[in-house]
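Peer 1: Heads up, the working numbering is the position in the sequence shown plus 7, with the first residue counted as 1. Cβ coordinates follow ideal geometry from the N, Cα and C atoms, glycine included. Quick one: the structure is below, and I'll ask about it shortly.
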Amino acid sequence: DKAVRESVEAHKIADVEVGSFLSSGIDSSYIAEAANVDKTFTVGFESHDGDRYNEIHYAKEFADTIGVENISKVITPTEYWETFPTIQYHMDEPLADPAAIALYFVSKLASEHVKVVMSGEGADELFGGYRIYQEPLTLTAYDKLPFGVRRVISKICEHLPQKHGINYLVRRGKTIEERFIGNANIFSKKERDELLKSDVAKHAPEPKILCDKFYDEVADKDTVTKMQYLDINMWLMGDILLKADKTSMANSLELRVPFLDKKVMELAQTIPLDCRVNTQTTKLALRRAAEKTLPERTAKKDKLGFPVPIREWLREEKYYNTVKEEFTSDTAEKYFNTDKLLKMLDKHRSGKVDLSRKIWTVYTFLVWYKQYF
8 DKAVRESVEA
18 HKIADVEVGS
28 FLSSGIDSSY
38 IAEAANVDKT
48 FTVGFESHDG
58 DRYNEIHYAK
68 EFADTIGVEN
78 ISKVITPTEY
88 WETFPTIQYH
98 MDEPLADPAA
108 IALYFVSKLA
118 SEHVKVVMSG
128 EGADELFGGY
138 RIYQEPLTLT
148 AYDKLPFGVR
158 RVISKICEHL
168 PQKHGINYLV
178 RRGKTIEERF
188 IGNANIFSKK
198 ERDELLKSDV
208 AKHAPEPKIL
218 CDKFYDEVAD
228 KDTVTKMQYL
238 DINMWLMGDI
248 LLKADKTSMA
258 NSLELRVPFL
268 DKKVMELAQT
278 IPLDCRVNTQ
288 TTKLALRRAA
298 EKTLPERTAK
308 KDKLGFPVPI
318 REWLREEKYY
328 NTVKEEFTSD
338 TAEKYFNTDK
348 LLKMLDKHRS
358 GKVDLSRKIW
368 TVYTFLVWYK
378 QYF
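Below, the structure written as structure tokens:
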């Protein structure tokens, strides 16, 4: 708690007013409370699925609790899709994280009121906030089988259709170094080979090769620490901070990240595994510190990130057709086997399987390509 508050105080030093982003989760809530800013900023999405994609009422409730103003905006599907090409232009490189668009809108909203804003990036990687970190701790009867047997089953399952439970058997027959590359794991090699026309797919380094140098640096550490270390060096750098930097700069807003202070990092490195993650929850030490001043409901709330209703939008005719148009474009024909793309799109629309991240990844590349080439 002391380390976080000292970092926040240091990051508050400015000649202009400083605000804070605010979702309903612990990271931004802790920063906003510690900073004692006057203004906080929140965005949510219009959705048929109730409040699943809209945390504004949680944020407002919390802002009232700590006595600060909350300025919010509900983003319509039309705004989201129409602004997407502009956002891809500002990203410079194709980043297929739907949350980047939410971050762009909340940056735009904040820029109308302040010049500097604080944000909660880094807490998950440093303190153990992703639910995937719990996976190595949840041992099942299946894990009692000898690893050699599980490896054989894993290799067989890799060639089976992707049904519920198959991915679990694949993962449990691999070491952490083989199976974990972080949130960026979208397509398997088999899927890439089927989708891509270009030889680039055949020459691209396997994810494991990109990750090995980091795993080598923590070879003597426990599995969860290895996962966190990889995420700090790859996911945090290549996604979390990239989108935070680009979307805030696109709106002439200075974004500051108190959790990524050097002293906070030094402290995080001393926190033992059982104070980071267990089978019940994540970010134990951070939650316990936050509980001193935050409502229990906020301190214990599950991570949502910036939930975006891409999954349901892609099943609506309007946005299904928007993507279909790109999937049948000349650029798509040049790089992809478009019949496979359309099959993926239709399969998702049928509601039998969620392929939204795969679809969004290809769609992002095509929109980005149109902007630059």
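Going by DSSP, which residues form a beta bridge with Glu261?
Peer 2: According to DSSP, which records beta bridges pairwise, Glu261 is partnered with Val123.
Peer 1: Looking only at its chain, what residues have a beta carbon closer than 7 Å to the beta carbon of His18, apart from the 5 residues adjacent to it on each side?
Peer 2: Met125, Arg263 and Pro265
Peer 1: Please classify Gln95: is it buried, with 16 or more other beta-carbons within 10 angstroms of its beta-carbon, or exposed?
Peer 2: buried
Peer 1: Measure the Cβ-Cβ separation of Ile163 and Lys365 and say whether it is below 7 Å.
Peer 2: no
Peer 1: Grouping DSSP H, G and I as helix and E and B as strand, with all else coil, what is Ser336?
Peer 2: coil
Peer 1: For Pro279, is the classification buried or exposed, using 16 other Cβ atoms within 10 angstroms of its Cβ as the cut-off for buried?
Peer 2: exposed
Peer 1: In the DSSP output, which residue or residues are listed as bridge partners for Val5?
Peer 2: Since the displayed the chain opens at 8 and closes at 380, residue 5 lies outside it and no answer follows.
Peer 1: Note the first and the last residue of the continuous alpha helix (DSSP H) segment covering Val284.
Peer 2: Here Val284 belongs to no alpha helix (DSSP H), and DSSP marks it neither H nor E.
Peer 1: Which of the three DSSP states, helix, strand or coil, is assigned to Ser357?
Peer 2: coil
Peer 1: Is it true that the CB of Thr49 sits closer than 7 Å to the CB of Ala39?
Peer 2: no
Peer 1: Can you tell me the Cβ-Cβ gap for Phe334 and Leu352, rounded? I've got them flagged as a contact below 8 Å.
Peer 2: Cβ atoms of Phe334 and Leu352 come within 8 Å of each other, at about 6 Å.
Peer 1: Would the beta-carbon of Asp8 fall within 7 Å of that of Ala292?
Peer 2: Taking 7 Å as the Cβ cut-off, Asp8 and Ala292 do not qualify as a contacting pair.
Peer 1: What ranges does the alpha helix (DSSP H) occupy inside the region 104-161, keeping only unbroken runs of at least 4 residues that lie completely in it?
Peer 2: 106-118 and 130-134
Peer 1: So, are the CB atoms of Gly135 and Arg157 less than 7 Å apart?
Peer 2: no
Peer 1: Any chance the region 317-326 sits against the region 167-184, with 3 or more Cβ pairs inside 8 Å?
Peer 2: Short answer: they don't touch.
Peer 1: Need the endpoints of the beta strand (DSSP E) that Val23 sits in, please.
Peer 2: First-last for Val23: undefined, no H or E at that position.
Peer 1: How many whole angstroms separate the CB atoms of Lys204 and Phe343, which I take to be in contact at a CB cut-off of 8 Å?
Peer 2: 6 Å
Peer 1: Report buried or exposed for Asn328, applying the criterion of at least 16 other Cβ atoms within 10 angstroms of its Cβ.
Peer 2: Exposed, because fewer than 16 other Cβ atoms sit within 10 Å of the Cβ of Asn328.
Peer 1: For the region 80-100 and the region 225-243, state whether three or more C-beta atom pairs, one from each stretch, are separated by less than 8 Å.
Peer 2: no
Peer 1: At which residue ranges does the region 200-286 contain complete alpha helix (DSSP H) runs of 4 or more residues, listed in the order of the chain?
Peer 2: 207-210, 214-224, 230-240, 248-257 and 269-275
Peer 1: Quick check on this structure: which residue in Phe28, Leu348, Tyr111 and Tyr236 has the alpha carbon closest to the alpha carbon of Tyr370?
Peer 2: Leu348
Peer 1: What is the C-beta distance between Thr289 and Arg138, in whole angstroms, given that I count them as a contact (C-beta under 8 Å)?
Peer 2: Taking a contact as a CB-CB distance under 8 Å, the pair Thr289 and Arg138 counts as one, their CB atoms being some 6 Å apart.
Peer 1: Give a yes or no on whether the C-beta atoms belonging to Val123 and Val23 are separated by under 7 Å.
Peer 2: yes
Peer 1: Since Asp34 contacts Gly127 with CB under 8 Å, what's their CB separation in whole angstroms?
Peer 2: 3 Å
Peer 1: Let's see if you can read the secondary structure: which residues bound the alpha helix (DSSP H) around Val177?
Peer 2: Ile173 to Arg178
Peer 1: With distances taken between CB atoms, is the gap from Gly51 to Asn43 smaller than 7 Å?
Peer 2: no
Peer 1: In terms of residues, what are the limits of the alpha helix (DSSP H) holding Asp71?
Peer 2: Residues Ile63 to Ile73.
Peer 1: Using CA atoms only, rank isn't needed, just tell me which of Gln169, Thr286, Pro302 and Asp227 is closest to Thr147.
Peer 2: Thr286
Peer 1: Considering only the alpha carbon of each residue, which of Asp252, Glu184 and Met244 lies closest to Lys220?
Peer 2: Glu184
Peer 1: Since Lys115 and Asn258 are thought to touch, with beta carbons under 8 Å apart, how far apart are those beta carbons, to the nearest angstrom?
Peer 2: 5 Å
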